[in-house]
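Quick notes on the structure that follows.
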Amino acid sequence: MDYTPLTFLPKLEDSIKQILNTPITDERKEVLSPLIHYIREKQDKNEAINLNFICTHNSRRSQFSQIWAKVASSYHGIKTNCFSGGIEITAFNERAVASLQRIGFRIISDNATDNPKYEVFYSDTAQSIKAFSKLVEDQSNPTSNFAAIMTCDHADENCPIISGAEIRIPVRFEDPKKFDDTELEQKMYDERSLQIASEMFYVFSRAND
1 MDYTPLTFLP KLEDSIKQIL NTPITDERKE VLSPLIHYIR EKQDKNEAIN LNFICTHNSR
61 RSQFSQIWAK VASSYHGIKT NCFSGGIEIT AFNERAVASL QRIGFRIISD NATDNPKYEV
121 FYSDTAQSIK AFSKLVEDQS NPTSNFAAIM TCDHADENCP IISGAEIRIP VRFEDPKKFD
181 DTELEQKMYD ERSLQIASEM FYVFSRAND
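Using the numbering used here, the letters of the sequence shown correspond one by one to residues 1 to 209.
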């Protein structure tokens, strides 16, 4: 069956055009190579692709990564199940949520006080992404046959075993948290989100080669 590309939300579509033209350094390509290999291997074996993006609090980088990986895989027509988790529960940081809204996602919250649950829409014809802070072993995450993708150095260094993971892949990103409550806050959250987006689009484009 031929793949029919999704129609993305209009503002997000404009952001994707920018993302597709963002260069990836050779250093980052090397970092991303094991993830590309994993996805290709799963496709070759006709096995499910399950990616769990992990950082300490599951509040910023792992959420960005889960969401952008889902968008990028959908764009390239590679069926992928994308998850995220942490080693502590906090909340999907409101600054990260705001950044995704600026870039073009439509986001709905249940307005819970401590750890809101969000629906993140990237297309009018695709199922929304459910996003909230959770532990790696949360019941919504896979328990086996998944890649654990470590998006922060703290989680990578302090969580030596990810139960059920068939491979562990470090893909670390700088934390935009250091810019909270500064005049650079919005700029750096958007910059980190778009960096993660460009790298996820690169990964799935190469997986399709």
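Ideal placement from N, C-alpha and C gives every residue a C-beta, glycine not left out.
Item, Value
"Tell me which residues share the same chain as Asp110 and place their Cβ nearer than 7 Å to its Cβ, disregarding the 5 neighbours each side in the sequence.", "Pro116 and Lys117"
"What are the residues that DSSP puts in a beta bridge with Asn81?", "Asn50"
"Going by the beta-carbon positions, is the gap between Lys210 and Ser128 smaller than 8 Å?", "Outside the shown range of the chain (1 to 209) lies residue 210, about which nothing can therefore be said."
"Going by other Cβ atoms of all chains shown within 10 Å of its Cβ, with 16 needed for buried, is Glu27 buried or exposed?", "exposed"
"Tell me the residue span of the beta strand (DSSP E) that contains Ser109.", "Arg106 to Ser109"
"Between which two residues does the alpha helix (DSSP H) carrying Val71 extend?", "Arg61 to Tyr75"
"Phe146: which of Ser59, Thr22, Lys42 and Leu12 sits nearest, CA to CA?", "Lys42"
"Secondary structure at Met1, three-state DSSP: helix, strand or coil?", "Confidence at Met1 is low in this model, with a pLDDT of 41, below 50, so the placement of that residue should be treated as unreliable; the coordinate-derived value is given next. Coil."
"Is Pro118 helix, strand or coil by DSSP?", "Checking the sequence shown, residue 118 turns out to be Tyr, not Pro. Strand."
"To the nearest angstrom, how far is the alpha carbon of Asp114 from that of Tyr122?", "25 Å"
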